[in-house]
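So the sequences go chain by chain: A and B.
Residues 806 to 944 (the working numbering) are what the first sequence spells out, left to right.
Residues 22 to 159 (the working numbering) are what the second sequence spells out, left to right.
Quick reminder that beta carbons are idealized off the backbone N, C-alpha and C, glycines included.
These numbers were taken from a predicted model, which means no experiment stands behind them.
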Amino acid sequence: MSRKFEKVVAMACSGIGKPYGAVARETVYELTERVRPGKVVTTCLPLLVMEDPEARQLVTNNPVITIDGCPKSCALKSVEALGIKAAKAYEVIRFFKAHKDLKPEGITELNEGGKKLAAVSADELAQDVDELIAGEVKS
Amino acid sequence: MKPINIQVMKVGIVSCSGEELPEGTISRFACRKVLDDLRQTDTVTICLPLFIAGGQEERDFAKTYPTITVDGCEKRCAQISTERLSAKPKKSLVISEILQRHGIKPPANLRNLTTDENTAVRVVAEELAKAVDEVLEG
Numbered sequence: 806m807s808r809k810f811e812k813v814v815a816m817a818c819s820g821i822g823k824p825y826g827a828v829a830r831e832t833v834y835e836l837t838e839r840v841r842p843g844k845v846v847t848t849c850l851p852l853l854v855m856e857d858p859e860a861r862q863l864v865t866n867n868p869v870i871t872i873d874g875c876p877k878s879c880a881l882k883s884v885e886a887l888g889i890k891a892a893k894a895y896e897v898i899r900f901f902k903a904h905k906d907l908k909p910e911g912i913t914e915l916n917e918g919g920k921k922l923a924a925v926s927a928d929e930l931a932q933d934v935d936e937l938i939a940g941e942v943k944s
Numbered sequence: 022m023k024p025i026n027i028q029v030m031k032v033g034i035v036s037c038s039g040e041e042l043p044e045g046t047i048s049r050f051a052c053r054k055v056l057d058d059l060r061q062t063d064t065v066t067i068c069l070p071l072f073i074a075g076g077q078e079e080r081d082f083a084k085t086y087p088t089i090t091v092d093g094c095e096k097r098c099a100q101i102s103t104e105r106l107s108a109k110p111k112k113s114l115v116i117s118e119i120l121q122r123h124g125i126k127p128p129a130n131l132r133n134l135t136t137d138e139n140t141a142v143r144v145v146a147e148e149l150a151k152a153v154d155e156v157l158e159g
């Protein structure tokens, strides 16, 4: 039987080199602040790299969705390095392929296309969040 | 004609990503300002988790470049991870300490920075640029 959860952890790649990394982070903020506030939380990815006890506990006790900016998949690999399997793993390019009119540009400040891409990505991830919380997805 | 061997020294910047903390945003923005504007030709960067996710080339980053780490908080993820997974940084900056020294109040936003927070970005970027110069001067 699947287990129900109170919250889901969304982890973005911490990319500071490419617009897709910025979209990953913005998507997480959209989830935590607008789409599912209180149900989706995040933590700093380098805390997992450091094996910080609180961060480790957070990703151990709750289902994790990773959102990566590039195929190097830092967010996913950093979670897996702790021996934890992500419940869902995405790359920003997946969302961009579905919304090619929303081309992200900029790194610190995303353009309108990048912000909209993050918003629609977060909207699409809402279903995953709801299913994970309801225990409808085996994590 | 003999080839001229010109070695161009660059400083590696490693920013904490700090998704959970406003100081993390200040760190990323200040690092990008140095990389893109203040010391564009003198600096390179790497995403911190690439030390785990990448290969040997990424792990050698701090061995290849003299490195400055910039951390948002006292946990010093960038400094410790760089030290542990690559090599000891030449300098390590912490945002909260810089802001305190300049009498700037701690930031409150993760995105959509206020005028005061943009001032904090500028101040941190200027300190980082100065640190880059010091590393280059040896």
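What P851(A) touches in chain B, judged by beta-carbon distance under 7 Å, is C37, S38, L69, P70, C98, A99 and S102, going in chain order. The beta carbon of K823(A) is closer than 8 Å to those of G874, C875 and I912 in its chain, skipping five residues each way along the sequence. Residue range P824 to E835 is occupied by the alpha helix (DSSP H) that includes E831(A). Under the DSSP assignment, E856(A) falls outside any alpha helix (DSSP H); it carries neither an H nor an E label. Exclusion of the five residues before and after R80(B) leaves F72, L106 and S107 as the residues of its chain whose Cβ lies within less than 8 Å of its Cβ. Burial state of P128(B) is buried, judged by a 10 Å Cβ sphere holding 16 or more other Cβ atoms.
The residue among V864(A), S878(A) and A860(A) with its C-alpha nearest the C-alpha of G75(B) is S878(A). For A886(A), at least one C-beta of chain B is nearer than 8 Å to its own C-beta. Residues of the same chain with their beta carbon placed closer than 6 Å to that of G888(A) are lacking, with the five preceding and five following residues left out of the count. Taking one beta carbon from each stretch, the region 808 to 827 of chain A and the region 895 to 909 of chain A have 3 or more pairs nearer than 8 Å; the two touch. Within the region 879 to 907 of chain A, C879, A880, L881, K882, S883 and A886 place their CB atoms closer than 9 Å to a CB of chain B, listed in sequence order. By the C-beta density criterion, M855(A) is buried, having at least 16 other C-beta atoms within 10 angstroms.
When C-alpha distances from K31(B) are compared across N139(B), K111(B) and G39(B), the shortest belongs to K111(B).
Rounded to whole angstroms, the gap between the alpha carbons of L56(B) and V153(B) is 11 Å. In this structure the region 902 to 919 of chain A does not lie against the region 806 to 818 of chain A, because fewer than three pairs of beta carbons, one per stretch, are closer than 8 Å. Nearest neighbour of D58(B) by Cα position, chosen from A150(B), G39(B), I67(B) and L120(B), turns out to be A150(B).
Rounded to the nearest whole angstrom, the CA to CA distance from Q61(B) to P858(A) is 37 Å.
When CB distances to chain A are screened at a threshold of 8 Å, the residues of the region 114 to 137 of chain B falling below it are L131 and R132, in chain order.
Residue range V32 to S36 is occupied by the beta strand (DSSP E) that includes G33(B). Secondary structure at S807(A): coil, using DSSP grouped into helix, strand and coil. Within chain A, the residues placing a beta-carbon under 7 Å from that of A74(B) are K877, S878, C879, K882 and S883, ordered along the chain. Bounds of the alpha helix (DSSP H) holding T85(B) are F82 to T85. A815(A) sits in a strand when the DSSP states are folded into three classes. Taking 8 Å as the cut-off, the Cβ atoms of T837(A) and T847(A) count as close.
Taking 8 Å as the threshold, the shortest C-beta distance from I912(A) to chain B falls below it. For the 8 Å CB-CB criterion, R49(B) and S38(B) form a contact.
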